[in-house]
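A.B. asks: Just passing along the structure, written as structure tokens.
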Amino acid sequence: MWDPGFPVLEARPALLHGYHRRFCVYSYRYRGTPEQPGLVLGLDKGGACRGLAYRVAEAHLPEISAYLWDREMGSGVYHPLPRRLRTADGQVQALTFIVNRRHPQYAGLLNREQIAALVALGCGGRGRCRDYLLNTLAQLAALGVADRALASLDQMVERLEAGLAPMPALPPAPTDPTHF
1 MWDPGFPVLE
11 ARPALLHGYH
21 RRFCVYSYRY
31 RGTPEQPGLV
41 LGLDKGGACR
51 GLAYRVAEAH
61 LPEISAYLWD
71 REMGSGVYHP
81 LPRRLRTADG
91 QVQALTFIVN
101 RRHPQYAGLL
111 NREQIAALVA
121 LGCGGRGRCR
131 DYLLNTLAQL
141 AALGVADRAL
151 ASLDQMVERL
161 EAGLAPMPAL
171 PPAPTDPTHF
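Going by full-length UniProt numbering, the first residue of the sequence shown is number 1, and it counts up by one from there.
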């Protein structure tokens, strides 16, 4: 939300039903490395997600599509699906990237302590996982959205980084670090 990576004509607050925002994708490139994976957010089943719907210029669709396909679909960890989003101006149809729960990079079975540890430890080509979390929280706050789960996760990460909580044991990450 805070760094779409492509030109936007309009960004509208939107609500997606049936999915929620969650740190559930192992990251080996953007927010981690093959030796120390991080995590990135994905849309996972259940609940609802408040965020932004982007409107882009039709003339830019080919380049934006290629960019998004490279960024989001390089490893197949997402299903690109059209979904209806609710905005203040009514419903809009949008392309969403829903996490593929069968993909080796799906980290949805980790507990909250393990997620916090991977966010605390993760750092990749686009920076630290913690910064990614903080930027997401700041963007949500700017939209007037309080995400209690992410705020709680940030408090856990802060405690880990300060040495106020023990680092939990982490399961071995999948060994197919082809993207992210």
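Built from N, CA and C at the ideal position, the CB exists for glycine as well.
Bear in mind that the values here come from a model prediction, so they are computed numbers and not experimental data.
May I ask you to report which of helix, strand or coil DSSP gives Pro-80?
C.D. replies: DSSP places Pro-80 in strand when its eight states are reduced to three.
A.B. asks: Determine the DSSP secondary structure at Gln-93, reduced to helix, strand or coil.
C.D. replies: It is a strand residue.
A.B. asks: Identify every residue that forms a DSSP beta bridge with His-17.
C.D. replies: His-17 pairs with Ala-48.
A.B. asks: Let me check you understand the geometry: is the CB of Tyr-78 closer than 7 Å to at least one non-hydrogen atom of the ligand MG?
C.D. replies: With respect to small molecules bound, the structure shown includes none, and the ligand MG cannot be examined in it.
A.B. asks: How long is the line joining the alpha carbons of Asp-147 and Leu-140, rounded to whole angstroms?
C.D. replies: Near 7 Å, if we compare the C-alpha coordinates of Leu-140 and Asp-147.
A.B. asks: Would you kindly report the start and end of the unbroken alpha helix (DSSP H) that includes Glu-72?
C.D. replies: Its alpha helix (DSSP H) spans residues 61 to 73.
A.B. asks: Would you kindly work out how many angstroms separate the C-alpha atoms of Pro-7 and Cys-123, rounded to a whole number?
C.D. replies: When rounded, the distance between both Cα atoms is 26 Å.
A.B. asks: Under a three-way DSSP split, which group does Leu-43 fall into?
C.D. replies: Residue state, collapsed to three classes: strand.
A.B. asks: Measuring CB to CB, does Ala-116 end up less than 8 Å from Val-157?
C.D. replies: Yes, Cβ-Cβ distance for Ala-116 and Val-157 is below 8 Å.
A.B. asks: Assign Tyr-132 to one of three DSSP states: helix, strand, or coil.
C.D. replies: In this structure, Tyr-132 counts as helix in the three-state DSSP scheme.
A.B. asks: Tell me which residues share the same chain as Asn-100 and place their Cβ nearer than 7 Å to its Cβ, disregarding the 5 neighbours each side in the sequence.
C.D. replies: Same-chain partners within the cutoff: Gly-76, Val-77, Tyr-78, His-79 and Tyr-106.
A.B. asks: So, at 8 Å on beta carbons, what are the nonlocal neighbours of Ala-151 in its own chain, with the 5 sequence-adjacent residues on each side left out?
C.D. replies: Cβ within range, chain order: Leu-137.
A.B. asks: If you reduce the DSSP assignment to three classes, tell me which class Val-157 lands in.
C.D. replies: Val-157: helix per DSSP, three-state reduction.
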